[in-house]
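Novice: The structure follows.
Numbering (this note's numbering), first residue to last: 563 to 740.
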């Protein structure tokens, strides 16, 4: 056992050092096809925003407590490791989303696409019904379909999301540009 102790210690520290490329204030690190995606919460950022960074460069920020990345959605395997290529981004906005309801917050969503060689973040989209969650995504090469739990359907293509079903209460749908 004495002979194995230095080897075990080396392997422990090497593996933790190789995975520890994220900053200490990062909520989570995710391996992507373009590098390391870091999530930082509002409480760790000290600037009123939560952040997403790719390889240390900010790619998205939102006025919210934290951002959830649906990282198990679409990816590729290189060797034996999984790398994210597309994901959903969801959060509850600290800004009011409904102009006719002051102070009303909503669940915001966007798509993170890493398939083109650089990160693309779609326009934000949300439900007119208030707090809703993405329940299903069908990722495709040309376009993707996203379903929210109130059965609204959205289509993602070329960096843009648009609503493809009409809700009961709105003729225009519910998409907000950044």
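By construction, the Cβ of each residue, glycine as well, lies at the ideal position given by its N, Cα and C atoms.
So, is residue 697 buried or exposed, given that buried needs 16 or more other C-beta atoms within 10 angstroms?
Specialist: By 1-based counting over the chain shown, the position of residue 697 is 135. The residue in question, residue 697, is exposed, as its Cβ has fewer than 16 Cβ neighbours within 10 Å.
Novice: Helix, strand or coil for residue 712, going by three-state DSSP, please let me know.
Specialist: Counting from one through the chain shown, the residue named residue 712 turns up at place 150. Correct three-state label for residue 712: coil.
Novice: Thinking residue 669 and residue 695 are a contact (beta carbons under 8 Å), I'd like their distance in whole angstroms, please.
Specialist: If you number the chain shown from 1, residue 669 lands on position 107. If you number the chain shown from 1, residue 695 lands on position 133. Indeed, because the Cβ distance is near 7 Å, the residues count as touching under 8 Å.
Novice: Please state if the CB of residue 651 and the CB of residue 614 are separated by a distance shorter than 9 Å.
Specialist: Looking up residue 614 in the chain shown gives position 52. Looking up residue 651 in the chain shown gives position 89. Yes, they are a contact pair.
Novice: If I measure Cβ to Cβ from residue 720 and keep anything under 7 Å in the same chain, skipping five residues before and after, which residues do I get?
Specialist: The residue given as residue 720 occupies position 158 in the chain shown. Nothing meets the Cβ criterion.
Novice: Quick test of your reading: residue 653 and residue 629, contact by CB under 8 Å. State the CB separation rounded to the nearest angstrom.
Specialist: Residue mapping note: residue 653 aligns to position 91 of the chain shown, counting from 1. Residue mapping note: residue 629 aligns to position 67 of the chain shown, counting from 1. Confirmed, Cβ separation roughly 5 Å.
Novice: Tell me whether residue 631 is buried or exposed, calling it buried when 16 or more other Cβ atoms sit within 10 Å of its Cβ.
Specialist: Counting from 1 along the chain shown, the entry for residue 631 is found at position 69. Classification of residue 631: buried, given that the 10 Å Cβ count is 16 or more.
Novice: Using three-state DSSP, classify residue 675 as helix, strand or coil.
Specialist: Position 113 of the chain shown, counted from the first residue, corresponds to residue 675. Strand at residue 675.
Novice: On a Cα-Cα basis, can you pick out the residue from 648, 687 and 644 that is closest to residue 703?
Specialist: Numbered from 1 along the chain shown, position 141 holds the residue referred to as residue 703. When only C-alpha atoms are compared, the closest one is 648.
Novice: With a CB to CB cut of under 6 Å and the five nearest residues on each side skipped, what residues in its chain are close to residue 607?
Specialist: One-based indexing of the chain shown puts residue 607 at position 45. 613, listed in sequence order.
Novice: For residue 671 and residue 686, which I take to be in contact (beta-carbon distance under 8 Å), what is that distance rounded to the nearest angstrom?
Specialist: In the chain shown, counting from the first residue as 1, residue 671 sits at position 109. In the chain shown, counting from the first residue as 1, residue 686 sits at position 124. With a Cβ gap of about 7 Å, residue 671 and residue 686 count as contacting.
Novice: From residue 609 to residue 627, what does the alpha carbon distance come to, in whole angstroms?
Specialist: Along the chain shown, one-based indexing puts residue 609 at 47. Along the chain shown, one-based indexing puts residue 627 at 65. Rounded to the nearest angstrom, the two C-alpha atoms are 11 Å apart.
Novice: Could you compute how far the alpha carbon of residue 714 sits from the alpha carbon of residue 726?
Specialist: In the chain shown, the residue the question calls residue 714 occupies position 152. In the chain shown, the residue the question calls residue 726 occupies position 164. The straight-line gap from Cα to Cα measures roughly 8 Å.
Novice: I'd like the list of long-range same chain contacts for residue 722, defined as Cβ closer than 8 Å, with 5 residues on each side in sequence excluded.
Specialist: The sequence position of residue 722 within the chain shown is 160, counting from 1. For residue 722, where only same-chain residues beyond five positions count, the Cβ hits under 8 Å are 684 and 685.
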